[in-house]
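The letter at position 76 of the sequence shown is residue 76 when you use the numbering used here, and the numbering goes up by one with no holes.
All residues carry an ideal CB built from backbone N, CA and C; glycine is no exception.
The structure appears right after this line, and notes come after that.
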Amino acid sequence: MKQPYEEIINKLKEHMKLEETSIRRYSRTLSRIKNRALKEILKGILIDSIAHRELLKAVINVLNKISKEEFTVEAEVVPVKDIDAVRMIEALKKHVKAEEETIKDILSIAEKLEIYSLKETLRILFEDEVRHHTILSNIIETFEKHHKSRGCARC
């Protein structure tokens with residue numbers, strides 16, 4: 001029997017291979033580049049490619065577990081004790097606050113730049129920060145709901 005997400009998983013695996021190829025190419029290229037600014041930009045792209053590969057792995061792992069219910073149950077058992085959940089939620093909220101500051105600053109800085117390639121690099125960074133903010137907010141909401149439903153007064 002065919003897995004419900006098999007086609008999607010296969011496409012994601014193909015994309016992950018492309019990311020891995022990019023990672024290898026950027027790694028080899030970086031050692032030959034002398035221009036410091038170009039080297040730093042390519043390092044940033046390399047780091048993004050590594051992050052993309054890891055995110056693809058995570059999505060594939062979730063899809064392999066097949067159902068949203070299984071994933072939700074798995075996510076809910078991460079913090080064993082309520083105090084651990086409270087600490088994790090507090091830490092994530094602090095990080096979200098920091099992300100908010102970055103989001104505000106990056107876009108305003110990008111708009112002041114006249115060099116198109118640098119402006120676009122900062123706009124991409126802005127978009128990443130917006131995604132981080134959304135992801136972290138969703139994680140916080142999930143853990144708060146779960147622990148409140150279990151009677152945790154501090155969540």
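Per DSSP, Y116 is one residue of the alpha helix (DSSP H) stretching across Y116 to S149.
For K104, the closest alpha carbon among the candidates E127, E141 and M16 is that of E127. For the options M16, T142 and E20, the alpha carbon positioned closest to that of A85 is the one of T142. With respect to T102, E129 sits close: the two C-beta atoms are nearer than 9 Å.
A distance of 9 Å or more separates the beta carbons of L55 and L42.
Contact between I23 and L46 holds, with the beta-carbon distance rounding to 6 Å and staying under 8 Å. The beta-carbon separation of L12 and V59, rounded to 6 Å, stays under the 8 Å limit for a contact.
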